[in-house]
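Step one of this worksheet: look at the structure below.
There are 2 protein chains.
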Amino acid sequence: MDTLIPIGRFSRVTRLSVKALRNYADAGLLEPAWVDPASGYRYYTYAQATSAEVIRVLRSLEMPLDEIAEVLAAADDDVVAKVMDRHRARLEDRLEHETRMLAYLRRLIEEEGRPMTYDVTVKELPATHLAVLRRRVTADDVGPAVAEGFATIAAAVGRSGAGFAGPPTLVMTEMVDADGGGEGEVELAFPTATPFPGIGEVAGEERPAELVASTVHRGPYEEVGPAYAAVEQWVAEHGHSATGAPREVYLNGPQEAPSPADYLTEIQFPIVVPD
Amino acid sequence: MDTLIPIGRFSRVTRLSVKALRNYADAGLLEPAWVDPASGYRYYTYAQATSAEVIRVLRSLEMPLDEIAEVLAAADDDVVAKVMDRHRARLEDRLEHETRMLAYLRRLIEEEGRPMTYDVTVKELPATHLAVLRRRVTADDVGPAVAEGFATIAAAVGRSGAGFAGPPTLVMTEMVDADGGGEGEVELAFPTATPFPGIGEVAGEERPAELVASTVHRGPYEEVGPAYAAVEQWVAEHGHSATGAPREVYLNGPQEAPSPADYLTEIQFPIVVPD
DNA sequence: GTTGACTTTCCCGTAAGGGGAGACCCCACC
DNA sequence: GGTGGGGTCTCCCCTTACGGGAAAGTCAAC
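Shown next as structure tokens:
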């Protein structure tokens, strides 16, 4: 029952490596039932094998250790179910993303990077009022975070009575990539008809008139890459020079477009035209 | 066409971070079109944006950089297709595994670690001849690697005429876990009717008679954990002591069992019984 | 010429451990 | 009561694919 077994034996029982067990002990995930204060030896009980098995399974699902700790600490079954559902949703989203990316990749390679051609035009944007929200987002939840951000701005604009004057825009002020929760800052904005006063985290700003080179990408957002390249290349080839971070304008969204294949995203690079 | 652009601009075109681009350059994945020998500045061309997009997509699929390098280096479309199919298969296997593990986990938590009860018995195994193959395997391909290993042994035994004398067994001499390609050594063996001479990597060995505590697990292999705990605990509670690494005996396999739910796996712990 | 933005290399940190060194510790055997 | 061999301890470095930040050098515009 409360037989104490050393780490090597416990390792064989649980099929977790000694290193991993020590790691879990240090992380507070699975602390030994007793640690000999004289020798530092860790001793476990058979009853702990169940927790170890749960850890094994969750690790095989690539759940981070701190979330596993949450699960183990939660005696509440609902909490467990919630964490698990969240993780399952993550896994399913990932598979869908992967399937789409594999298809895109095939086109990308077969058509040698020119799956679409883009018409690039220069236009002058008038000065405008903006309702702006800056958010730090992680790579794996850009979508929901951005959607929520736009909803927040929209609500603030609605309450302010400033009135909408165009589709939402996004500027990536930092890159958001990398797997391990790569963070980055994005700047979300709605143009407004009258100056926006600023409500909560949503700030009112002015954007001066400017010249941009722009093109429109039709299709899933994940495939927007070549549009960036097309605009930038066009700018360089026409002797202009880009002067800032590019902006994305979402001309339609999931509400208006029947499917991701019909999403319209405008890519704008601010430029200066030499005399 | 061959306009050279510095890394920051290329970063905006490709939406890859400067750090990532430098990393890819160092890894030989995407070397700058020109590096100024005086300043060390990296300069890219727009034509490289396509490779960058491929890298972006493959990284979003969590493909390791060295495999991406293979894909980019392979002008051959078949190679690309093969790598992609392999990766797709990996992803699909993973989702299936994840689905099964989530279900198992639910049972594990609801039933508090006792999803099954196990009858543990002691039996004396006679000395036997073995055809043994040692393999280093990584965590994410244990299944196929083990199957291939057994096939290798079976072929060798068949050619030797030593004759099969029982189901295949596996000993994990090292733990195989961890996500990052955790390696471990496994020892695969078939008992043979007469001494096996050793053919290629398959060695002939003798196993002396020994006493084991054993139980049989019915169900998917991934759920074998509690059986280990049950045997070990039984051994300890009966005053015996385990003397070595446990062994798994595959009483049936995918050929004989209609579904994973019917797989039979025997877990044997060698023991000594005190006088 | 000077400023300010850009880029370089270098070093450290991440998650979840693996590999190995050097030092203890435990226990069975004599 | 030794003693040998295997188990275990801590400590440090290594992995992947970068991110953060420092200190120094570079570029281009004014």
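Note that the protein sequences, when read in sequence, are chains A and B. Position 93 of the first sequence, counted from 1, bears residue number 93 in full-length UniProt numbering, the numbering being contiguous throughout. Position 233 of the second sequence, counted from 1, bears residue number 233 in full-length UniProt numbering, the numbering being contiguous throughout. Here a beta-carbon is modelled for each residue, glycine too, at the ideal position from N, C-alpha and C. Note that this is a predicted model, so its numbers are computed, not measured.
- In the three-state reduction of the DSSP assignment, LEU29/A falls in the coil class.
- At the C-beta level, GLU248/A and LEU170/A come within 8 Å of one another.
- Sixteen is the threshold: when 16 or more other Cβ atoms of the shown chains lie within 10 Å of the Cβ of PRO226/A, as they do, the residue is buried.
- Runs of beta strand (DSSP E) with 3 or more residues, each lying fully within the region 99 to 156 of chain A, are found at 121 to 125, 128 to 138, listed in chain order.
- Between ASP2/A and the set TRP234/B, MET116/B, ALA261/B, VAL142/B, the nearest pair of CA atoms involves TRP234/B.
- Using a Cβ-Cβ cut-off of 8 Å, LEU211/A does not count as an interface residue toward chain B, since no Cβ of chain B sits closer than that to its own.
- Runs of the alpha helix (DSSP H) lying entirely within the region 216 to 261 of chain B and spanning at least 4 residues, in chain order: 225 to 237.
- A straight line joining the alpha-carbon of TRP34/B with that of LEU4/B spans about 8 Å.
- Only GLU98, THR99, MET101, LEU102, TYR104, LEU105, ARG106, LEU108, ILE109, GLU110, GLU112, GLY113, ARG114 from the region 98 to 122 of chain A bring a Cβ to less than 9 Å from some Cβ of chain B.
- Chain-order list of chain A residues neighbouring PRO246/B: ARG12, by C-beta distance under 7 Å.
- In this structure, the CA atom of VAL231/A is about 31 Å from the CA atom of PRO195/A.
- GLY198/A has its alpha-carbon roughly 7 Å from the corresponding atom of ALA131/A.
- Chain B has no Cβ within less than 8 Å of the Cβ of VAL79/A.
- Here DSSP, grouped into helix, strand and coil, assigns TYR24/B to helix.
- Under the 8 Å criterion on CB atoms, SER60/B is classed as interfacial with respect to chain A.
- Pairing GLU174/B with GLU185/B gives a Cβ-Cβ distance under 8 Å.
- Take the alpha-carbon of SER51/B and the one of LEU21/A: they are about 42 Å apart.
- Against chain B, the CB of ARG15/A has a partner CB under 8 Å away; the residue lies at that interface.
- Distance from PRO220/B to ALA257/B at the Cβ level is roughly 10 Å; contact not present, criterion being Cβ atoms closer than 8 Å.
- LEU91/B and LEU95/A have their C-alpha atoms spaced approximately 7 Å apart.
- Secondary structure note for VAL57/A: its alpha helix (DSSP H) is the uninterrupted segment 49 to 60.
- Short of 6 Å from the beta carbon of ALA203/A, and not among the five residues preceding or following it, lie these beta carbons of its own chain, in chain order: VAL132.
- By the Cβ rule, the region 55 to 71 of chain B does not count as touching the region 99 to 108 of chain B, because fewer than three pairs are nearer than 8 Å.
- One alpha carbon belongs to GLU210/A, the other to GLN268/A, and they sit about 11 Å apart.
- Its chain contains THR215, ALA227, ALA230 as the residues whose beta carbon lies nearer than 6 Å to that of TYR118/A, once the 5 sequence neighbours on both sides are disregarded; these appear in chain order.
- When the alpha-carbon of ARG136/B is set against those of GLN48/B, GLU110/B, LEU188/B, ALA162/B, the nearest one is in LEU188/B.
- At least one CB of chain B lies nearer than 8 Å to the CB of GLN233/A.
- Nearest to GLY253/B by alpha-carbon distance, out of PRO167/B, GLY40/B, GLU206/B, ALA89/B, is PRO167/B.
- Note that the C-beta distance between ARG56/A and THR14/A is below 8 Å.
- Burial check for GLY8/B: the Cβ neighbour count within 10 Å stays below 16, so the residue is exposed.
- Nearest in C-alpha terms to TYR41/B, of all of PRO6/B, ALA74/B, PHE164/B, is PRO6/B.
- Restricting attention to VAL212/B, ILE68/B, ALA155/B, the CA atom closest to the CA of ALA127/B is found in VAL212/B.
- Going by C-alpha positions, ALA69/B is about 47 Å away from TYR46/A.
- Taking C-beta atoms as the reference points, THR192/B and GLY163/B count as a pair closer than 8 Å.
- In the displayed model, THR14/B falls within a helix according to three-state DSSP.
- Contact annotation for ALA49/A against chain B: ALA229 [CB-CB distance below 7 Å, chain order].
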